[in-house]
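**Q** With the working numbering as the guide, the letters of the sequence shown map in order to residues 1364 to 1653.
In this text, a Cβ means the ideal position worked out from N, Cα and C, and glycines have one as well.
Please read these numbers as outputs of a predicted model, since none were measured by experiment.
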Amino acid sequence: MKDKKIINKAQLARQRKERLKYILIHLGIIMFAFICVYPLLRIFSISIRPGDRVISTDLSLWPSGATFISYVKLLKNTNFLIWLWNSLVITVSTSFIGVSLASTAAYAFSRFKFPGKKTGLVLLLSSQMIPAGMLILPLFLMIMKLGMMNSYLGMIIAYSVSALPFSIWILKGYYDTIPRSLEEAALVDGTSYVGAFWHIILPLSTPALSIAFLFNFTMAWNEYLIARVVLFSSTQYTWTLGIFELQGQFITQWGMFAAGSMLVTIPVLIVFLYSSKWLMSGLTLGGVKG
């Protein structure tokens, strides 16, 4: 009986320890989530605050006299919808083109042996160590000589080139985990390398493709420096440029500024939620060799 009581006490102590650990972990997650979400809630609070006040003694997230007039003024009195459309066209095009180019290049690096393969991989990795600001001048000269200044195509080329090295590394790491025997069996059955890539590799690489697409999308959607150099017409602006039109020399329309900041999170949120089921598997790409 004494032995049973000792065992029961040990089990109870273990259960209490596990329960305490469970509570502490979830409290930590809740606190971390609150820290991440709180700035967004404050921006929303500013967007519905009357009088374009960015500083207020009212600490509540829903201010007194809350109004959505800043959203109405933003959509009616500015080119915000045009800026948003420009960003969508450039971002979606960049994402599809970037992933398409990266998927084929990564397949070549993963499956074939050719002169300069290792050097190419090292150069791709090294390119990610160069500060983005140092690439502005070369990109500007390239786009200017191509005659693509102030155009969708110029922006798409610049963004695709910028995101390509990282996308290739992500996809190559995933391709390396796919057994070659699957392709070899398809080749024995008479399928070409292109057919094996299209019908076997790509369907199995959905997690990696989703992560690469999400990376390209968020990079192009939030980018400012290249857009500032390439675009100079207000009707061609992306939202990152256009929203600064609300900032004057002596006054800033903070309500509209905050409203715009809230609205531009919607497309990224939609893409993230759609690809979230592949996100966890994509975070460990290349970590396990198959």
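1) Kindly indicate the opening and closing residues of the alpha helix (DSSP H) around Tyr1434.
2) For Asn1440, count the other beta carbons within 10 Å of its own beta carbon; 16 or more makes it buried, fewer makes it exposed. Which is it?
3) For Tyr1522, collect the residues of the same chain with a Cβ closer than 6 Å to its Cβ; drop the 5 residues on either side in sequence, then sort them by chain order.
4) Would you say the segment 1554-1570 touches the segment 1460-1474, given that touching needs at least three Cβ pairs under 8 Å?
5) Flag this pair as yes or no: are the beta carbons of Ser1620 and Gln1610 separated by less than 9 Å?
6) Confirm, please, whether the CB-CB distance from Gly1605 to Trp1425 is below 9 Å.
7) Which first and last residues belong to the alpha helix (DSSP H) in which Leu1572 is found?
8) What is the DSSP secondary structure of Lys1640, counted as helix, strand or coil?
9) Where do the N-terminal and C-terminal ends of the alpha helix (DSSP H) with Ala1495 fall, by residue?
10) Relative to the alpha-carbon of Ser1624, which residue among Leu1502, Ile1409 and Gly1461 has its alpha-carbon at the smallest distance?
11) Check Thr1540 in the structure and name its three-state DSSP category.
12) Could you name the residues of the same chain whose beta carbon sits closer than 7 Å to that of Ser1530, not counting the 5 residues immediately before and after it, in chain order?
13) Per DSSP, what kind of secondary structure is Thr1603 in: helix, strand or coil?
14) According to DSSP, simplified to helix, strand and coil, what is Phe1635?
15) When you compare the CB positions of Trp1641 and Pro1570, do they come within less than 9 Å of one another, or not?
16) Under three-state DSSP, which class holds Gln1616?
17) Provide the residue span of the alpha helix (DSSP H) that contains Lys1481, from first to last.
**A** In terms of the structure at hand:
1) Here residue 1434 refers to the residue found at position 71 when the sequence shown is read from its first residue. Residues Ile1432 to Asn1440.
2) Start at 1 with the first residue of the sequence shown, and residue 1440 comes out as number 77. Exposed, since its Cβ has fewer than 16 Cβ neighbours within 10 Å.
3) Here residue 1522 is taken as the residue at index 159 of the sequence shown, counted from 1. Answer for Tyr1522: Thr1457 and Ala1583, listed in chain order.
4) Output reads yes: the segment 1460-1474 touches the segment 1554-1570.
5) Numbered from 1 along the sequence shown, position 257 holds the residue referred to as residue 1620. Numbered from 1 along the sequence shown, position 247 holds the residue referred to as residue 1610. According to the sequence provided, residue 1620 is Phe. The question's Ser does not apply to it. Yes; because the gap between Cβ atoms is below 9 Å, this pair is in contact.
6) Locating residue 1425 in the sequence shown gives position 62, where the first residue counts as 1. Locating residue 1605 in the sequence shown gives position 242, where the first residue counts as 1. Not in contact: Trp1425 and Gly1605 (Cβ atoms no closer than 9 Å).
7) For the purposes of this step, residue 1572 is taken as residue 209 along the sequence shown, with counting starting at 1. Looking at the DSSP string, the run of the alpha helix (DSSP H) that includes Leu1572 is Thr1569 to Asn1585.
8) Here residue 1640 is taken as the residue at index 277 of the sequence shown, counted from 1. Three-state result, Lys1640: helix.
9) Translated into the one-based positions of the sequence shown, residue 1495 becomes position 132. Looking at the DSSP string, Ala1495 is not in any alpha helix (DSSP H), and its letter there is neither H nor E.
10) Counting from one through the sequence shown, the residue named residue 1624 turns up at place 261. Comparing alpha carbon positions, the residue from Leu1502, Ile1409 and Gly1461 closest to Ser1624 is Ile1409.
11) Within the sequence shown, residue 1540 is the residue found at index 177, counting from 1. Coil at Thr1540, not helix or strand.
12) The residue labelled residue 1530 in the question sits at position 167 within the sequence shown. Closer than 7 Å at the Cβ level, and outside the excluded window around Ser1530, lie Gly1461, Val1462, Ala1465, Ala1575, Phe1578 and Asn1579.
13) Residue 1603 sits at position 240 when you count from the first residue of the sequence shown. Helix.
14) Position 272 of the sequence shown, counted from the first residue, corresponds to residue 1635. Helix, per DSSP.
15) Here residue 1641 refers to the residue found at position 278 of the sequence shown. Here residue 1570 refers to the residue found at position 207 of the sequence shown. Closer than 9 Å, so yes.
16) Residue 1616 sits at position 253 when you count from the first residue of the sequence shown. Residue state, collapsed to three classes: coil.
17) Position 118 of the sequence shown, counted from the first residue, corresponds to residue 1481. Start and end: Lys1480 to Ser1490.
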